[in-house]
Amino acid sequence: MTVVSSSLVGFANYLVPLMIGARDMAFPRLNAAAFWMVPVSGALLMASFLVPGGPAQAGWWSYPPVSIQNPTGNLINGEFIWLLAVAVSGVSSIMGAVNFVTTVVKMRAPGMGFFRMPLFVWAVFSAQIIQLFGLPALTAGAIMLLFDLSVGTAFFNPANGGNLVLSLSSILRCKNGIVSTLT
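Quick note on the working numbering: the sequence shown kicks off at 10 and runs consecutively.
So, in structure tokens, the structure goes:
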């Protein structure tokens, strides 16, 4: 999924400014930072298979309380690295979405209204809006799980006063946005 979405975003990154008459994306440095976070996220994801204890063992949604268990006792385990990769990927996608939305809203050619934009630009614009609504919840949930694993906070650990409903709420908010984006 990462390879497909990265290639589609690459095409959109090239085509959207051309189609709306802009010289470049609104924030070129933000664009570069978001781009270079993708290989970092991929490397972290692959590295999660190589650490002691193996890859993440809590499934692809990483539901607590399974995801906050640490059977190896090591701080750096597969679950931790996987959650770090999800958080980096989420931040990268949010940065890219802000850049796309700003570019489409503020950098259209004079005389090009929203209803005169090409359909491809509309597709990219609407997908990025959906990402802006869905991904912050997933990214925040991944960061809170990282804190539960590393620092010892109790966002999702019911034994220490955490709330499992909070994690399910953040996961379901993101899941609906992702399903809408992919279909």
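The C-beta atom is built at its ideal place from N, Cα and C for all residues, glycine as well.
This one's a predicted model, so the numbers in the text were calculated from it and none came from an experiment.
Between the C-alpha atoms of F156 and G122 there is a straight-line separation of about 45 Å. CA-CA distance, V133 to F109, rounds to 8 Å.
Cα atoms of R38 and M116: separation of roughly 16 Å, rounded to the nearest angstrom. Annotation for G62: no alpha helix (DSSP H) segment contains it, and DSSP assigns it neither H nor E. About 3 Å separates the beta carbon of G30 from that of A118, a gap short enough to meet the 8 Å contact definition. As computed with DSSP, G30 is found in no beta bridge at all.
In the structure shown, Q140 adopts helical secondary structure according to DSSP, grouped into three states. DSSP, reduced to helix, strand and coil, places L84 outside both helices and strands of the structure shown, so it counts as coil. With a threshold of 16 other beta carbon atoms within 10 Å, N83 falls short and is exposed. Sequence-distant Cβ neighbours of V47 in its own chain, meaning closer than 8 Å and more than five residues away, are T11, S15, S98, S101.
Straight across, the Cα-Cα distance linking A65 with M153 is about 16 Å.
Here DSSP, grouped into helix, strand and coil, assigns W69 to coil.
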